[in-house]
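Visitor: All you need for this note's numbering is the position in the sequence shown, starting with 1, plus 98.
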Amino acid sequence: MAQDYVVLKDSSEYGRIVINKSVFQSISEISVRDIDNISLKDTKFNKPVNVWVEKNKLHISADIRVKYGANVNATCGLVQNRIYENIVFMTGFKPSEVSVNVIGFEI
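1. Any idea what DSSP makes of residue 182, helix, strand or coil?
2. Between which two residues does the alpha helix (DSSP H) carrying residue 155 extend?
3. DSSP state of residue 107, grouped into three classes?
4. Rounded to whole angstroms, what is the Cα-Cα separation between residue 201 and residue 148?
5. Report back the beta-carbon spacing between residue 165 and residue 204 to the nearest angstrom; my notes put them in contact at under 8 Å.
6. As a quick exercise: from 187, 183, 170, 185, pick the residue whose alpha carbon is nearest that of residue 199.
7. How is residue 205 classed by DSSP in three states: helix, strand or coil?
8. Have a look at residue 197 and residue 106 and give me their C-alpha separation to the nearest angstrom.
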């Protein structure tokens, strides 16, 4: 079963330090919204960025739409790098996987 948090520091004299997966989801969404040539698939029932934790390993999946005429490969690489770098910078935790799914194009 997937966890709802990542353990950063298992035990110290004061307790343990954990980060909820919603924090990683928020960081990922903010990171992606600043990139040109893409938009997030944002509906009422589905989140554009899915985050799950298994065995204290972080997995991220982002569903994006690429603007017509943009280089898809370069854009997806930029999205992956931006999400990874921002999560490492803000939390110090390295994601195991950052997947980018192109679900369509925009004109």
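The beta-carbon is built from N, C-alpha and C at its ideal position, and this holds for glycine as well. None of these values were measured; they are calculated from a predicted model.
Guide: Result, derived from the coordinates:
1. Residue 182 falls in the helix class under three-state DSSP.
2. Unbroken run through residue 155 is the beta strand (DSSP E), 155–165; no alpha helix (DSSP H).
3. Three-state DSSP puts residue 107 in a strand.
4. Spanning the two alpha carbons is a distance of roughly 14 Å.
5. The Cβ separation is near 5 Å, so the contact holds.
6. The shortest Cα separation from residue 199 among 187, 183, 170, 185 belongs to 170.
7. Residue 205: coil per DSSP, three-state reduction.
8. Whole-angstrom Cα-Cα distance: 22 Å.
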